[in-house]
Each structure stands twice: as C-alpha cells, then as structure tokens.
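Numbering (our numbering), first residue to last: 662 to 759.
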C-alpha cells in the first residue's frame, strides 16, 4: 500500500474477492495479472465468455512483458515495478477504449 500511496493511489478501501461464475456474464472484461490466474479463469469461464478474460499486459505489448509478477515477498522496488507495469497496461487499455 505504501508504494501506491507514494504515487497518489489510496488502496485502503479495496478488498479482494473470489471470482463468481456470474462475473463472466456480468462484466465485459476480466483482467488478470499473471498466467496462473489467467489459466484458472479460462478453465472456470463458460466458453461463450472466454474472450472477456485478458492479461492486463496484453494492452501494453511494447513492454515486452506478458505478466505482472507478484511482489509480495520482494522489496520496495518490486512493488514499484508492479505499479509501473499496471499503469502501462491500464494506459494501453484506455487507448483501446477511447
């Protein structure tokens, strides 16, 4: 959370939850950070909604990186990298949505 706060992101109110089978119909896009979560969601997802599951970095092909690493056991610089990569993916996504 500290790395986020340093960049102006207040993440304190966010809470994780498990993906529900209804999420695939309810949401147009389900973004994941890594291949493990992508594979899990694709297996869970009804076939007609599989195109809604995407890796966030699919929207930032110029980064040369396919997945965002888990920084949990890393150092402060690892959290900074995650924010950098997430911002790149989100910027690319916004470009597509515009």
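Ideal placement from N, C-alpha and C gives every residue a C-beta, glycine not left out.
Where residue i falls: helix, strand or coil (DSSP)
| i | result |
| --- | --- |
| residue 780 | In the structure as shown, the chain begins at 662 and stops at 759. Residue 780 is therefore absent and cannot be evaluated. |
| residue 710 | helix |
| residue 663 | helix |
Cα-Cα separation between residue i and residue j, rounded to whole angstroms
| i | j | result |
| --- | --- | --- |
| residue 727 | residue 663 | 25 Å |
| residue 692 | residue 667 | 24 Å |
| residue 754 | residue 717 | 8 Å |
| residue 683 | residue 703 | 14 Å |
| residue 711 | residue 735 | 32 Å |
| residue 680 | residue 673 | 20 Å |
| residue 696 | residue 731 | 11 Å |
| residue 709 | residue 694 | 22 Å |
Distance between beta carbons of residue j and residue i, contact taken as under 8 Å
| i | j | result |
| --- | --- | --- |
| residue 621 | residue 714 | Past the edges of the chain, shown from 662 to 759, lies residue 621, and the structure says nothing about it. |
| residue 701 | residue 757 | That pair is no contact at about 24 Å. |
| residue 724 | residue 746 | 7 Å |
| residue 740 | residue 706 | In fact, because the Cβ distance is near 29 Å, the residues do not count as touching under 8 Å. |
First and last residue of the uninterrupted beta strand (DSSP E) at residue i
| i | result |
| --- | --- |
| residue 693 | 691 to 693 |
Neighbour-count burial assignment, residue i, 16 or more Cβ in a 10 Å radius
| i | result |
| --- | --- |
| residue 669 | exposed |
| residue 733 | exposed |
Where the alpha helix (DSSP H) through residue i begins and ends
| i | result |
| --- | --- |
| residue 726 | Residue 726 -> no alpha helix (DSSP H), and no H or E assigned at all. |
| residue 675 | Here residue 675 belongs to no alpha helix (DSSP H), and DSSP marks it neither H nor E. |
| residue 670 | Unbroken run through residue 670: none, as it is neither H nor E. |
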